[in-house]
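In the UniProt record's numbering, the protein residues as written are 1 to 601.
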């Protein structure tokens, strides 16, 4: 099969960023929001009434408008990601953001009216077939209403966020798009985008060259450090002002509420991880010996280990697609079937070319019942893992596609469960299929390095962001201090095990500048170890089947994180036992790596 590496956007809205169909839909949705506003204003429920016909129509219209905005937003954002110079696509994305703001303002009114129902009315509501599946999200709305300000005040904050919070995110994206890094190749100067240079830097095999590339990377971002510190300060400042207005005493309340998890669970996870970092010291020392350096640097942690005459395997896009589909099939035929559709119907933008944003993501198309995946595929096993990861996200959305909208809005921590689970299926398959010890060492190293990312790299992000918010409460934090905070966080998270760090990481990492989810870091670590625990249970328990996994995914937006784990895994995430079980499997990987590499040092 010859799969194309560019995604199909024409089937969504023909004509690219100049699509007339897109503009027509914008106009239609704008009118729909106006009509929805009138419908919502006119709905008043007498305290003695139990007729919910009007509310049913309101929720159906809200879902229809939300799905349209999701479709348009994924389309416009996809075009911007694939070509950062497409100004018309950026205008379209901003137009969608404006409509989201308008619907969000109406959502405030809707939530307040749902919250105004008496307990008796709410109980009667949940007896009806239409509302019954929405018990948890509707109850969540009623609980969260207690934290809301007046409708007028919430609407003002919502309107200000467009040019405040979202505006600074747009500025960050434009700054990243403007980065051009000169590289000399064959006596000619070639200019790399941020995404291309990042791929080049991470795929460089020579440790000394990697260090030079990292230095160039750092210096490039430092040239605009003050601008990046401005965007980060205003993003965090906007949030802190919002929290103060709502009288939130702790800035962690919002990210924890968003992820539907308790602080005790988060603290237990990080405490257990910290207690289990010691084995990585031996792993780092052995890896340094294998790649010929005295001590690992920042980029060396995730660099390939090629022992003997083995060199890292390279995949064509078609080979990667076939490998992923085949290995998904061994665990879940339904996941394999969806992945095949994704490749066949061109859901994926994977081409390695200039002008693309760095990174990767999966975006849902709620009207088309599809997804679109963005990444840059350069042929490495890491790229294959990334592709599997994003397909895991797509599968998560796919199995929820028939549920009410409110029951599809899963939080980021459990979103990362499905993606990381898919990644584990593929990465473990590469290890099992290794044809030599040398290849197995390379692949096992890649898996352990990924664990190090979740245990240390993301821990550093979390420590940095906590410290940033602590200091930001007292005033703005300049770019020099941000670099200090980042390096301090990295040294703490890696337990001083590296010879070099990445002080400008706060600027180069998009996750610090994302507006939709505050503290866009710890959910990755949660998702990784939660999925690792689930994966290990499926390996050990023959009675667990594909449908059990899908049942867990379908509940991810319908209960708290702790209740989800208790229902489907019979574990208490507030206690270290589950986390320790997952970490024990990481220790086994390290032990096997040390044993296999003994003869190479």
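Beta carbons are placed, not taken as given, at the ideal position from N, Cα and C, and that holds for glycine.
Since this is a predicted model, take the numbers as computed values, not measurements.
The criterion of a C-beta distance shorter than 9 Å is not satisfied by residue 342 and residue 326. One Cα belongs to residue 137, the other to residue 444, and the distance between them is close to 41 Å. Where residue 127 is concerned, there is no enclosing beta strand (DSSP E), because DSSP gives it neither an H nor an E.
Fewer than three pairs of CB atoms, one per stretch, sit closer than 8 Å, so the region 366-385 makes no contact with the region 482-493. When DSSP assignments are scanned along the region 328-366, the uninterrupted stretches of alpha helix (DSSP H) that are 4 or more residues long and fall wholly within it turn out to be 333-344.
Looking at the DSSP output, residue 188 shares a beta bridge with 185.
Residue 229 is a Cβ neighbour of residue 482, given a cutoff of 9 Å.
Around the C-beta of residue 515, 16 or more other C-beta atoms lie within 10 Å, and the residue is accordingly described as buried.
Excluding the 5 residues flanking it on each side, residue 571 has same chain C-beta neighbours closer than 8 Å at 533, 565, 577, 578, in chain order. Rounded to whole angstroms, residue 349 and residue 522 show a C-alpha spacing of 27 Å.
Membership of residue 519 in any alpha helix (DSSP H) is not indicated, and neither H nor E is assigned to it by DSSP. A straight-line Cα-Cα distance of about 6 Å links residue 431 and residue 440. Annotation for residue 374: the continuous beta strand (DSSP E) segment containing it runs 370-374. In the structure shown, residue 495 falls within a coil segment according to DSSP collapsed to helix, strand and coil. At a cut-off of 4 residues, the continuous stretches assigned as alpha helix (DSSP H) that sit fully inside the UniProt domain "Oligopeptidase F N-terminal" (114-180) are 119-125, 135-144, 151-163, 165-177. Taken atom to atom, the span from the alpha-carbon of residue 23 to that of residue 223 is near 38 Å. Around the C-beta of residue 191, fewer than 16 other C-beta atoms lie within 10 Å, and the residue is accordingly described as exposed.
Assignment of residue 294 by DSSP, reduced to helix, strand and coil, places it in the coil class.
Annotation: the continuous alpha helix (DSSP H) that includes residue 579 extends over 576-597. Counting along the chain, the unbroken alpha helix (DSSP H) around residue 75 starts and ends at 53-82.
The beta-carbon separation of residue 389 and residue 415, rounded to 11 Å, does not stay under the 8 Å limit for a contact. Distance from the CA atom of residue 161 to the CA atom of residue 421, rounded to whole angstroms, is 34 Å. C-alpha of residue 50 to C-alpha of residue 155: approximately 29 Å in a straight line. The Cβ atoms of residue 142 and residue 115 sit closer than 9 Å to each other.
Counting the other Cβ atoms within 10 Å of the Cβ of residue 152 gives fewer than 16, which makes it exposed. Residue 182 sits exposed, since fewer than 16 C-beta atoms from the chains shown fall within 10 Å of its C-beta. Note that the C-beta distance between residue 510 and residue 172 is below 9 Å. In this structure, the alpha-carbon of residue 595 lies about 15 Å from that of residue 281.
The region 402-413 and the region 294-310 do not touch, with fewer than three beta-carbon pairs separated by less than 8 Å. With the rule of 3 Cβ pairs closer than 8 Å, the region 33-42 counts as touching the region 52-63.
Put simply, the backbone Cα of residue 276 is about 43 Å away from that of residue 100. Around the C-beta of residue 218, 16 or more other C-beta atoms lie within 10 Å, and the residue is accordingly described as buried.
Taking the Cα of residue 57 as reference, the smallest distance to any Cα among 247, 42, 331 is reached at 42. Within the model, the alpha-carbon separation for residue 212 versus residue 201 is close to 9 Å. Distances from the CA of residue 16 to each of 93, 279, 121 were compared; the closest alpha carbon is that of 93.
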